[in-house]
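> Protein chains in written order, with the working numbering: chain A, 228 to 573; chain B, 228 to 573; chain C, 228 to 573; chain D, 228 to 573.
Glycine residues also receive a C-beta, built at the ideal position from the N, C-alpha and C atoms.
All figures in this text were calculated on a predicted structure; none of them were measured in a lab.
One structure follows; several queries about it will come next.
Number of protein chains: 4
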Amino acid sequence: MKGLGSDNHSGVHPELMQALQNCNSDHAPSYGTDNESFKAIQQFRRHFGEQTEVFFVFNGTAANVLSLGLLCERYQSVLCADTSHLHQDECGAPEFFAAKLLTLPSEAGKINLAQIKKSLVRKGDQHFAQVRAVSLTQPTELGTCYSLEELREICHWAHENNLFVHIDGARLSQAVVHLGCSFKEMTTDLGVDVVSFGGTKNGLMMGEAVLVLNKELAERSKEKLKYLRKQSAQLPSKTRFIAAQFHEYLRHDLYLRIARHSSAMAEQLYQQLLKIPAVTVTAPRQSNAVFVKIPKAFIKSLREKCFFYIWDETTYECRLMTSWDTTSQEISDFTSHLKELVSRVP
Amino acid sequence: MKGLGSDNHSGVHPELMQALQNCNSDHAPSYGTDNESFKAIQQFRRHFGEQTEVFFVFNGTAANVLSLGLLCERYQSVLCADTSHLHQDECGAPEFFAAKLLTLPSEAGKINLAQIKKSLVRKGDQHFAQVRAVSLTQPTELGTCYSLEELREICHWAHENNLFVHIDGARLSQAVVHLGCSFKEMTTDLGVDVVSFGGTKNGLMMGEAVLVLNKELAERSKEKLKYLRKQSAQLPSKTRFIAAQFHEYLRHDLYLRIARHSSAMAEQLYQQLLKIPAVTVTAPRQSNAVFVKIPKAFIKSLREKCFFYIWDETTYECRLMTSWDTTSQEISDFTSHLKELVSRVP
Amino acid sequence: MKGLGSDNHSGVHPELMQALQNCNSDHAPSYGTDNESFKAIQQFRRHFGEQTEVFFVFNGTAANVLSLGLLCERYQSVLCADTSHLHQDECGAPEFFAAKLLTLPSEAGKINLAQIKKSLVRKGDQHFAQVRAVSLTQPTELGTCYSLEELREICHWAHENNLFVHIDGARLSQAVVHLGCSFKEMTTDLGVDVVSFGGTKNGLMMGEAVLVLNKELAERSKEKLKYLRKQSAQLPSKTRFIAAQFHEYLRHDLYLRIARHSSAMAEQLYQQLLKIPAVTVTAPRQSNAVFVKIPKAFIKSLREKCFFYIWDETTYECRLMTSWDTTSQEISDFTSHLKELVSRVP
Amino acid sequence: MKGLGSDNHSGVHPELMQALQNCNSDHAPSYGTDNESFKAIQQFRRHFGEQTEVFFVFNGTAANVLSLGLLCERYQSVLCADTSHLHQDECGAPEFFAAKLLTLPSEAGKINLAQIKKSLVRKGDQHFAQVRAVSLTQPTELGTCYSLEELREICHWAHENNLFVHIDGARLSQAVVHLGCSFKEMTTDLGVDVVSFGGTKNGLMMGEAVLVLNKELAERSKEKLKYLRKQSAQLPSKTRFIAAQFHEYLRHDLYLRIARHSSAMAEQLYQQLLKIPAVTVTAPRQSNAVFVKIPKAFIKSLREKCFFYIWDETTYECRLMTSWDTTSQEISDFTSHLKELVSRVP
């Protein structure tokens with residue numbers, strides 16, 4: 228049964244499954260020296276710039292903590308939103324693998340430059356874990372996107388203050404669709420230093436990539452991330468099966484088609500929810516998620532028909548998330564059921 | 228081109244690839260609560276005993292370090308062979324994730340009880356990282372297997388001395404074939420506490436499992452490994468795609484067919500090499516690997532035809548490793564080429 | 228020149244220096260098996276209860292991180308005030324040695340039970356670093372004290388929810404003076420599990436102690452903290468020189484005399500500042516610190532005469548801290564100088 | 228009662244105790260900005276060269292692990308003797324704070340260049356924790372000293388191979404006496420990069436120093452070790468009390484007088500033991516330790532009179548260690564008692 232729980236509840240996109248089968252013949256060298264890896268890395272460089280260094284890893288937590296591990300010494304710290312996946316959903320992994328997190332209050336999942344600036348007051352004080360990087364999620368955990376201008380400002384100020392900028396891009400393709408720009412225009416061109424590039428939530432079976440965009444860092448990462456990844460238990464041995472998926476995802480417009488489809492499904496859902504007075508949409512729709520407060524009385528019945536997560540147990544704000552395989556019919560069924568529940572209330 | 232480099236150079240066994248496709252429909256809950264995980268865990272319990280707790284992870288390093296992390300506090304230590312993968316090939320991961328390693332000299336990859344016993348002299352001394360576990364590789368990195376009697380003795384003594392026993396079983400099925408016993412007879416029944424159960428090197432696309440066999444530990448692992456795995460970036464989100472492979476691997480005799488085939492191919496190679504006086508087989512053949520010293524003059528040409536690793540750069544001991552897809556013809560071609568090289572020498 | 232910078236700017240109390248000299252004869256076994264350690268531990272047990280286990284360490288950061296290391300697994304978390312020394316002044320040491328910190332908003336340095344309760348919403352969720360302990364500073368970094376009733380409530384609720392309570396007691400004697408109770412009444416009797424007991428800021432040359440008060444934990448700490456302390460580089464070799472100071476500090480009323488004196492000096496300062504309209508005292512005086520907003524124009528001249536720290540660079544809230552050697556005359560001189568500065572303003 | 232157990236069983240040298248009292252007046256800034264620290268650092272620079280950066284820490288384990296933490300990334304490794312304090316007596320601290328240790332077989336506590344060279348075979352292989360430093364103990368745990376020529380050769384080769392050289396100098400002054408050279412001639416002039424400089428075992432109450440001798444590293448350490456020390460809980464707050472001891476130790480010839488005296492006492496003991504046929508001296512006497520096999524029958528009675536450690540429980544090799552306060556009479560008493568025990572045997 229399909230639902231609106233998460234984009235990691237859906238399976239593997241058929242074209243990606245086909246790519247897996249296509250590369251399953253013969254022997255290939257392990258640990259990243261295979262031909263599929265070579266080809267996938269070329270695709271990443273086409274999309275993010277030739278200087279890009281690419282490190283395939285197994286999951287999003289790994290991409291994040293290795294990114295931060297590249298940027299920080301263990302006695303430094305990273306600024307992030309209080310709602311960030313880094314802080315809320317990785318069970319202390321960033322602190323274990325990389326560095327201390329300093330959380331900032333967020334609005335609709337986003338932090339702003341004014342707050343970031345305040346965090347530098349104790350520069351040079353040995354008692355304080357010195358801030359070394361800013362980590363932004365794009366799109367955020369609340370489904371919103373930083374604008375190109377917001378990203379540019381943060382990157383500019385960060386570099387002026389000797390900080391790196393990391394993007395947790397578990398669903399980066401969604402932002403590309405929302406902002407109508409290329410990957411490079413949203414990252415490399417603005418000065419983003421490192422990206423956790425998501426695959427699993429975008430139709431892949433599994434696999435993420437650490438993309439080092441900053442040229443100097445990219446050079447350093449060849450040595451540092453090579454060993455850091457292995458010691459962190461994130462060096463895939465049959466690498467071709469992760470690489471082949473990314474290659475297929477990026478070589479034509481599959482990444483766009485997947486993001487556009489799930490985004491369109493979310494938009495359809497969003498528009499229909501706006502018309503139901505009993506519910507309150509709580510954030511703008513800028514990716515494949517819709518956040519909406521639903522009266523408690525309806526939730527049980529709705530979730531039985533179509534699973535989704537309650538985001539905030541105290542306010543009954545819910546997250547409805549579409550995927551590459553969500554259909555227009557499913558959206559209609561969901562909102563119809565909700566309308567029916569509403570109509571039953573005297 | 229196929230070679231004798233490693234059993235992770237081969238791809239995915241067709242029946243396992245089919246299992247991946249079969250489970251790729253509809254949505255499934257993520258992070259291990261899916262039906263495929265449930266079914267795979269049942270298979271593991273059938274093979275290792277009902278008390279077994281199963282934790283799927285991405286790769287072998289992860290399975291090893293999470294196993295040790297379950298067994299040890301960070302100020303304790305683990306005994307292992309100087310030739311062990313733990314010590315030689317994990318870039319310090321055991322020390323980072325779990326505990327200090329204390330290496331023991333090995334013979335054909337195996338350590339013995341007499342050496343293990345010597346390592347307990349400083350029990351209770353706060354300056355010394357107290358030994359808490361013995362880690363054995365089965366089959367070893369040199370392709371040999373501990374006998375059931377050897378395992379029984381080590382387990383018995385270890386438990387008498389309050390130590391745990393871990394098995395790095397990246398190729399555990401090979402040992403099952405060699406010893407002619409069941410998984411359970413080789414592990415649970417002898418008192419083995421935790422096993423790193425390998426998939427990747429046995430025909431899977433990727434995936435390993437930590438199996439907690441000791442009943443009391445299994446109970447504890449439900450809480451401890453649950454969080455430790457997540458923090459260690461080893462919780463797969465689309466778990467069904469790892470679980471479905473293990474389910475297929477274990478539900479009938481696929482694990483046996485794969486191990487028997489690669490083992491038979493290695494035996495054919497071994498027998499043919501024994502007949503070539505110019506080369507020296509250096510270890511008994513007890514799994515899918517053959518270790519042999521080959522004159523330096525032949526190595527370049529041989530490797531161009533069929534890749535393999537030089538195990539010891541000083542002695543030209545080489546490791547020839549078969550896989551689920553190695554054919555009898557390939558073995559013949561390899562040994563024919565070697566014989567031809569030998570015959571050319573005046 | 229003496230100032231109001233910190234109670235670690237002052238030297239060693241003469242009676243403690245004498246104790247150091249007195250124990251400096253002959254040989255003593257190292258690493259905690261000496262007679263001075265035995266005697267000091269007896270004093271701690273007299274003050275905190277017979278079940279207390281005592282671990283001497285070098286400094287306050289160490290006492291805190293070893294306390295938390297005893298209480299938590301590395302994938303768990305600790306609740307503390309956003310103003311806590313743990314979070315603000317230990318350069319990420321808690322995260323490195325022990326566990327993730329979850330900060331709560333504080334008022335005058337204190338957190339309250341209502342906020343603590345909110346932090347348990349994700350109990351059992353493997354993505355979230357599970358809360359295992361609450362850490363309170365007594366007196367707080369803002370010089371305030373939790374009342375016995377506040378401590379009792381927090382301890383009670385914590386234990387009902389399977390959490391431990393840790394007290395960072397770098398200046399614990401100050402709270403004993405303020406609350407008019409014994410150490411035991413403020414800790415063991417209320418259910419506090421572990422205390423970082425401060426020496427350095429109370430007249431010792433150096434030295435702190437981890438006190439494990441919870442009986443079951445105390446039993447466990449004998450093994451666990453013994454090795455954790457050593458691995459954490461906190462096992463003093465010539466232990467007698469730390470122990471002898473604590474013995475002297477605790478055997479009669481020296482701890483009380485020191486705390487009462489510095490507390491009285493702070494009270495004198497506090498009363499005089501209240502009378503100066505140009506400055507604003509910002510927190511109640513409940514230990515040896517006074518927090519006061521001083522107009523920016525006066526600060527440079529004041530600090531040249533008598534050093535103190537600006538606590539908040541944006542509001543010019545300053546911390547004035549007395550010590551065992553602060554004199555009444557020095558307080559008068561300071562306030563006189565301030566009054567003079569005030570009077571010069573037209 | 229005095230014994231021959233260890234040079235950390237003795238107390239504080241009277242001149243150092245006097246230095247502690249002398250600096251105990253007035254207030255001093257904390258955390259290393261005091262005048263005593265300034266003066267002590269000048270002394271270290273006089274002895275080791277003007278480029279030297281100095282970081283005071285509490286104990287020897289800390290000096291070692293911070294030294295290695297400066298030199299290595301966590302995925303690298305350090306070569307050391309199998310008998311080294313690093314490996315045998317620090318409960319896994321190097322692995323926790325810094326990097327993996329790779330042990331080499333030693334002779335009389337020393338490793339040689341031939342063995343070191345063999346350890347570089349897997350350079351560039353991501354599966355192997357890359358060697359980044361060699362750590363030598365001078366004098367070794369067996370009381371022997373590397374010659375200047377041996378040190379020069381190792382340093383030269385290490386630097387050619389991009390490795391750092393660290394010296395664990397818990398008793399470095401002893402080597403200065405044995406080799407008849409200056410600190411600088413034994414370290415900086417030969418290319419040693421970092422030294423753990425010992426105080427505690429040389430008459431101080433407590434305190435060690437990390438000395439960064441390599442000019443480029445020294446520059447880098449200003450930033451890196453500053454925070455690493457704090458996060459590692461090794462930043463002393465009342466630093467003047469560690470610094471004042473080192474200042475006194477180094478400003479005239481106190482370090483030499485202490486080392487010469489304990490060395491002379493060890494030599495007297497060594498010469499007398501050579502004359503007793505029932506015992507076998509097992510290593511040359513090159514510092515303040517004598518290693519000797521004593522028949523089991525004599526040990527209990529000897530230790531009751533004068534405590535010492537049994538180094539090897541299987542061979543009854545014992546370590547007899549003198550200190551700054553050992554007297555000639557005590558040595559005579561010990562050997563007389565031993566002779567008497569020998570004479571009683573029929």
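Please report the straight-line C-alpha distance between M548 of chain D and A493 of chain D, rounded to a whole angstrom.
Cα to Cα, the separation comes out at about 7 Å.
> Out of C:W538, C:G232, C:P504, C:V508, which one is the CA nearest neighbour of S570 of chain C?
That would be C:P504, whose Cα lies nearest to the Cα of S570 of chain C.
> Cβ atoms of G319 of chain D and R301 of chain B: under 8 Å apart, would you say?
Yes, the Cβ-Cβ distance between R301 of chain B and G319 of chain D is below 8 Å.
> To the nearest angstrom, how far is the alpha carbon of W462 of chain D from that of T310 of chain B?
The sequence shown places Leu at residue 462 of chain D, not Trp. If I take the Cα positions, the gap works out to 40 Å.
> Give a yes or no on whether 8 Å exceeds the smallest Cβ distance from K350 of chain B to chain C.
Cβ-Cβ to chain C under 8 Å: no for K350 of chain B.
> To be precise: take each residue of the segment 345-376 of chain A, compare its Cβ to all Cβ atoms of chain D, and keep it if any distance is under 7 Å. Which residues remain?
Those would be Q353, H354, Q357, in chain order.
> For F410 of chain A versus G434 of chain A, is the C-beta spacing smaller than 8 Å?
Not a contact, by the Cβ cut-off of 8 Å.
> Using 10 angstroms around the beta-carbon of E567 of chain C, count the other beta-carbons present and answer buried if the total reaches 16, otherwise exposed.
Result: exposed.
> Give the list of continuous alpha helix (DSSP H) stretches no shorter than 4 residues that lie fully inside the segment 273-359 of chain B.
Runs found: 287-298, 312-315, 320-324, 340-345.
> Do you know whose CA, among B:V572, B:R379, B:G370, B:V392, lies nearest V305 of chain B's CA?
Looking at the Cα atoms, B:V392 is the closest of the given residues.
> Give me the chain B residues within the contact set of K453 of chain C, using Cβ-Cβ distance strictly less than 8 Å, ordered along the chain.
Residues of chain B passing the Cβ test: Q353.
> Say whether the segment 262-281 of chain A touches the segment 510-527 of chain A, bearing in mind that this needs 3 or more beta-carbon pairs closer than 8 Å, one atom from each stretch.
Segments in contact, no.
> Output, in chain order, the set of chain B residues within a Cβ distance shorter than 7 Å of Q458 of chain A.
Ordered by position in chain B, the residues that pass the 7 Å Cβ test against Q458 of chain A are C318, G319, A320, F323.
> Scan the segment 402-463 of chain A and note each continuous alpha helix (DSSP H) run of 4 residues or more that stays entirely inside, going in chain order.
Fully enclosed alpha helix (DSSP H) runs of 4 or longer: 410-413, 442-458.
> Output the distance between the C-alpha atoms of V284 of chain D and A360 of chain D, rounded to the nearest integer angstrom.
Those two C-alpha atoms are separated by around 21 Å.
> Name the one or two DSSP bridge partners that I215 of chain B has.
The structure shown does not extend to residue 215 of chain B, since chain B is modelled only from 228 to 573, so the question has no answer here.
> Quick one: using the 10 Å Cβ neighbour count with 16 as the cut-off for buried, is P321 of chain B buried or exposed?
By the 10 Å Cβ count, P321 of chain B comes out buried.
> Would you report the Cα separation of G296 of chain C and Y454 of chain C, rounded to the nearest angstrom?
Cα to Cα, the separation comes out at about 11 Å.
> Spatial neighbours of L247 of chain A within its chain, please: C-beta separation below 8 Å, excluding the five flanking residues on both sides.
Result list for L247 of chain A: V239, M432, F468, A471, Q472, in chain order.
> Strictly below 7 Å CB to CB, what residues from chain C border V239 of chain D?
Residues of chain C passing the Cβ test: N251.
> Specify the secondary structure class of S563 of chain C as computed by DSSP and reduced to three states.
Note: S563 of chain C maps to helix in three-state DSSP.
> Please confirm if Y302 of chain C has its CB atom under 8 Å from at least one CB of chain B.
Y302 of chain C counts as touching chain B.
> Going by Cα to Cα distance, which pick from C:Y476, C:I338, C:E377 is closest to R273 of chain C?
Ranking the options by Cα distance to R273 of chain C, first place goes to C:Y476.
> For F355 of chain B and A326 of chain A, what's the separation of their Cα atoms in angstroms?
Answer to the nearest angstrom: the Cα atoms are 29 Å apart.
> Does the beta carbon of F468 of chain A sit closer than 8 Å to a beta carbon anywhere in chain B?
Answer yes: the Cβ-Cβ gap between F468 of chain A and chain B drops below 8 Å somewhere.
> Sort out for me which residues DSSP pairs D395 of chain A with in a bridge.
In the DSSP output, where bridge partners are listed per residue, D395 of chain A has A:T364, A:S423.
> Are the CB atoms of W551 of chain D and H488 of chain D nearer to each other than 8 Å?
The answer is yes: Cβ separation under 8 Å.
> I'd like to know if Q245 of chain B contacts chain A, where contact means its C-beta is closer than 8 Å to some C-beta of that chain.
For Q245 of chain B, the answer is no, since every Cβ of chain A falls outside 8 Å of its Cβ.
> Could you tell me whether the Cβ atoms of E540 of chain A and F518 of chain A are closer together than 8 Å?
Not a contact, by the Cβ cut-off of 8 Å.
> Assuming L328 of chain B contacts H314 of chain B (C-beta within less than 8 Å), just tell me the rounded distance between them.
The pair is a contact, with the Cβ atoms about 5 Å apart (cut-off 8 Å).
> Suppose you measure from the CA of G425 of chain B to the CA of V404 of chain B; what does that come to, to the nearest Å?
Cα to Cα, G425 of chain B sits roughly 15 Å from V404 of chain B.
> Measure from the C-beta of L462 of chain A to each C-beta in chain D and report whether the shortest distance is under 8 Å.
Yes, L462 of chain A lies at the interface with chain D (some Cβ there is under 8 Å from its Cβ).
> Could you list which residues in chain D have their beta carbon closer than 7 Å to that of A341 of chain C, in chain order?
Neighbours of A341 of chain C on chain D: none; closest Cβ ~32 Å, over 7 Å.
> For chain C, check one thing: does any of its Cβ atoms lie closer than 8 Å to the Cβ of H312 of chain D?
No, because no Cβ of chain C sits closer than 8 Å to the Cβ of H312 of chain D.
> Given that K520 of chain B touches chain D, what residues does it touch there, using C-beta distances under 8 Å?
Within chain D, no residue comes near K520 of chain B; the closest Cβ sits about 17 Å away, beyond 8 Å.
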